[in-house]
Amino acid sequence: MTKIVSHVLRVLKKAGVKNPILEVPPDDRFGDYAFGCFILSKELRKAPNQIAVDLEKKVRSDDVIEGVKVVGPYLNFFIKKEVFLESLKTSGVTKNTKPEKVVVEYSSPNTNKPLHLGHVRNIVLGESTSRLLEEVGNKVIRSCLVNDRGIHISKSMLAYQKWGDERNPDKKTDHFVGDWYVRYNKEAEKNPDLEEEAFELLRKWEAGDKKVVTLWKKMNSWVYKGFDETYKKLGIIFDKTYYESDHFSSGKEIVKNALSKKIFVLDDKKNITVPLSKYGFDNDKVVLRADGTGVYLTQDIYLAKKKLDDYKYDKSIYVVGSEQKLHFEQLFKTLDLLGLVKTKDLFHLSYGLVYLPDGKMKSREGVVVDADDIISEMTSLAVEEINKRHKLSKAEVDRRADIIGLAALKFFILKHDPLKDMTYDPKESISFEGETGPYIQYSYARIKSILRKAKISKDVVPKSFSSVSYKEYVLAKKLLEFSEVVSYAASNLKPSSVARYLIDLAQIFNTFYINHRILGEEKSVYDKRIFLIQKTAGVLKEGLSLLGVSVLEEM
RNA sequence: GGACCCGUAGCGUAGCCUGGAUAGCGCGACAGCCUUCUAAGCUGUAGAUCGGGGGUUCGAAUCCCUCCGGGUUCACCA
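Position one of the first sequence corresponds to residue 353 (the working numbering), numbered consecutively onward.
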């Protein structure tokens with residue numbers, strides 16, 4: 353691709369254009385590349401169209417350029433179709449020249465309730481971002497910060513203590529704990545004194561009360577067991593888990609130190625604060641209360657330092673919902689002031705909230721789309737779809753349904769720009785047709801089916817290509833875009849651009865598929881098309897894998 | 001009230017960074033395509049004053065200003 357572009361640029365320079373810029377026309381009927389002559393019109397004091405006409409005379413066709421054509425102010429270049437297929441032989445994803453070590457923090461659950469759809473968005477985004485960064489050559493450390501202490505877990509604990517009769521879980525263990533959290537909130541409505549009891553429990557926990565700590569450990573272990581099952585279904589493995597309970601009171605030394613260096617200051621109530629208002633923030637931010645207790649920011653400072661000590665990272669990415677945007681701006685500026693990490697090496701990958709049709713999810717009332725529920729709902733929908741089409745053993749149906757259901761769910765989330773809020777309507781649920789994960793998987797399976805019937809296992813690479821059809825050319829051209837798309841997605845942390853690309857590619861492939869036969873064609877055509885569909889399968893599989901989605905050989 | 005984000009056909013969205021040739025796609029609607037490599041597919045039709053207004057520019061969905069609508073956030077909560 354770039355080779356073709358640089359060739360055209362060279363030709364333009366030879367024709368007398370000093371700094372040529374190429375653009376891609378909106379429709380390939382206009383050509384493969386275009387040079388807009390507007391930029392020259394002032395300098396040459398000629399109409400853009402006249403310039404284009406003059407240039408046209410100076411450009412000859414060669415082994416890359418088939419011809420040029422003037423349309424209005426544009427000089428349009430038509431590239432020989434086989435050149436695109438030829439470039440496909442050597443195409444691939446470009447790796448970073450300087451690989452970086454990147455810590456990606458995601459999931460970050462509380463331990464008082466099971467994971468919900470919001471977490472799924474977070475996890476799927478975090479995982480895909482990690483894979484993208486690895487794809488371009490970076491080293492990624494997947495980390496998870498567990499909020500395992502605080503008033504929320506005390507509430508679950510209190511309800512269990514009061515009404516749980518020391519029962520063992522009779523359902524998925526994290527759901528069991530979550531039920532007590534919901535129970536607490538229900539009871540607390542009638543009896544506001546419960547809140548004080550919950551705080552009492554938290555104080556006891558902090559004081560190291562044995563009974564409370566034992567209960568806390570037991571309930572957390574149930575939650576972790578449940579989380580692990582969910583992570584396993586989603587295909588997630590963390591390299592490192594940080595627990596809030598290990599360092600919720602850490603970071604105080606760093607803060608005091610910064611005070612003595614006059615980086616931080618005392619406010620009129622003797623709280624230690626970060627003087628953020630000097631740097632364009634609305635307010636200063638308290639980091640250590642006068643009574644010596646820390647806040648969220650305090651331990652986040654500590655954690656950033658800890659991660660730095662643990663991994664000496666070049667970049668640190670936090671996958672956290674958009675409602676915490678301000679907090680991360682404050683944190684990043686603070687870390688910069690402390691001289692710990694430069695702001696440019698920190699990134700808050702912010703994503704929009706997941707809404708239900710009637711508003712926000714409320715986990716304290718149990719109004720949530722539970723992660724496990726939605727996964728199994730997707731899976732059973734997939735079972736129905738499979739049974740409509742095939743008669744297979746139950747084991748095979750289940751195997752395929754897992755892969756298809758998860759693809760539908762993950763792709764549905766990832767095809768949206770992370771920034772935007774999204775609404776999930778359980779009634780309409782997630783489709784398997786149109787712009788979906790299964791659609792991409794299906795395209796892949798179609799290719800695999802042909803390759804099976806052709807009994808081809810190795811890559812077919814024709815020496816040369818001839819009489820390339822329009823649809824073959826369009827497919828080849830799209831395949832060549834893959835590496836650019838990956839680079840863009842990795843540097844902008846936007847898995848959605850990969851998802852969008854895969855939709856386009858699958859559409860183009862399916863059109864190609866309907867219009868061109870492969871099996872039974874004469875050798876040169878057959879080889880050319882096998883080459884194309886093998887490349888397509890490769891890109892579909894690799895692209896999906898960047899989204900954390902698997903493929904099926906048959907579906 | 002301040003700050004930030006979002007506003008593109010009935011619905012869901014891409015394009016906005018880096019301005020350019022008829023605003024791309026999916027769902028839904030309508031009309032078609034399975035005796036040939038998987039119809040989870042393909043083809044066609046209808047459907048958009050790109051939230052309103054102003055500005056910059058030869059040219060604005062894209063950049064700037066402003067207004068309107070929606071959201072998030074502004075704690076010594078995480």
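Cβ atoms here follow ideal geometry from the backbone N, Cα and C, with glycine treated the same way.
C-alpha gap between residue i and residue j, whole angstroms
i: V360; j: I417; result: 8 Å
i: E748; j: V721; result: 28 Å
i: V498; j: I866; result: 50 Å
i: D526; j: T582; result: 10 Å
i: L437; j: D634; result: 57 Å
i: E487; j: K712; result: 35 Å
i: V901; j: L553; result: 43 Å
i: S745; j: F387; result: 58 Å
i: I588; j: E457; result: 13 Å
i: K846; j: Y840; result: 8 Å
i: T788; j: S849; result: 14 Å
i: S821; j: G383; result: 15 Å
i: V411; j: A828; result: 25 Å
i: I855; j: P378; result: 18 Å
i: L896; j: V357; result: 28 Å
i: L708; j: K421; result: 53 Å
i: E548; j: F784; result: 49 Å
i: S439; j: K432; result: 12 Å
i: L690; j: N448; result: 30 Å
i: K800; j: V903; result: 10 Å
i: L611; j: K630; result: 16 Å
i: R555; j: K542; result: 23 Å
i: N862; j: I885; result: 11 Å
Three-state secondary structure (DSSP) of residue i
i: A656; result: helix
i: G646; result: strand
i: E418; result: strand
i: Y665; result: coil
i: S819; result: coil
i: F387; result: strand
i: I373; result: coil
i: V672; result: strand
i: H700; result: strand
i: L618; result: strand
i: I624; result: strand
i: K875; result: helix
i: V706; result: strand
i: L640; result: strand
i: V903; result: coil
i: G691; result: coil
i: D380; result: helix
i: E681; result: helix
i: D406; result: helix
Residue i: CB within 7 Å of a non-hydrogen atom of the ligand ZN
i: G424; result: The ligand ZN is not part of the structure shown, which contains no ligands of any sort.
Cβ-Cβ separation, residue j to residue i (assumed contact under 8 Å), whole Å
i: M571; j: V626; result: Contact doesn't hold; Cβ gap of about 35 Å is too wide.
i: V706; j: M774; result: 6 Å
i: A851; j: L766; result: 5 Å
i: M336; j: A797; result: Since the displayed the chain opens at 353 and closes at 907, residue 336 lies outside it and no answer follows.
i: L640; j: N623; result: 7 Å
i: Y595; j: V455; result: Incorrect: roughly 16 Å between the Cβ atoms, too far for contact.
i: R494; j: W557; result: R494 to W557, Cβ: 29 Å. No contact.
Check your understanding: Taking one C-beta from the stretch 690-702 and one from the stretch 667-677 each time, how about it: are there three or more such pairs within less than 8 Å?
Key -> Touching, yes, given that three or more Cβ pairs across the two stretches are closer than 8 Å.
Check your understanding: If you scan the stretch 753-811 from start to end, which runs of the beta strand (DSSP E) of 3 or more residues do you find wholly inside it?
Key -> The stretch 753-811 contains no whole beta strand (DSSP E) run of 3 or more residues.
**Study point:** Every unbroken beta strand (DSSP E) inside the stretch 556-604 [3 residues or more]
**Key:** 592-595
Practice item. Would you be able to state if there are at least three C-beta pairs under 8 Å between the stretch 474-488 and the stretch 679-694? Key: no
Exercise for review: Tell me the start and end of each unbroken alpha helix (DSSP H) in the stretch 711-754 that is at least 4 residues and wholly inside, in chain order.
Suggested key: 723-741
Check your understanding: Do the stretch 733-743 and the stretch 499-513 touch if we need at least three Cβ pairs shorter than 8 Å?
Key -> no
Review point. Counting pairs of beta carbons, one from the stretch 646-665 and one from the stretch 599-615, are three or more of them closer than 8 Å?
Key: yes
Review point. Counting only runs that start and end within the stretch 415-501, where is the alpha helix (DSSP H) found for 4 or more residues in a row?
Key: 433-440 and 469-487
Point to revise | Runs of alpha helix (DSSP H) lying entirely within the stretch 492-550, each at least 4 residues, in chain order | key: List check, alpha helix (DSSP H) in window: 503-515 and 525-542.
Exercise for review: Report yes or no: do the stretch 883-892 and the stretch 790-807 share at least 3 C-beta pairs separated by less than 8 Å?
Suggested key: Under the 8 Å Cβ criterion, the stretch 883-892 counts as touching the stretch 790-807, having at least three qualifying pairs.
Review point. Does the count of Cβ pairs from the stretch 470-484 and the stretch 870-886 closer than 8 Å reach three?
Key: no
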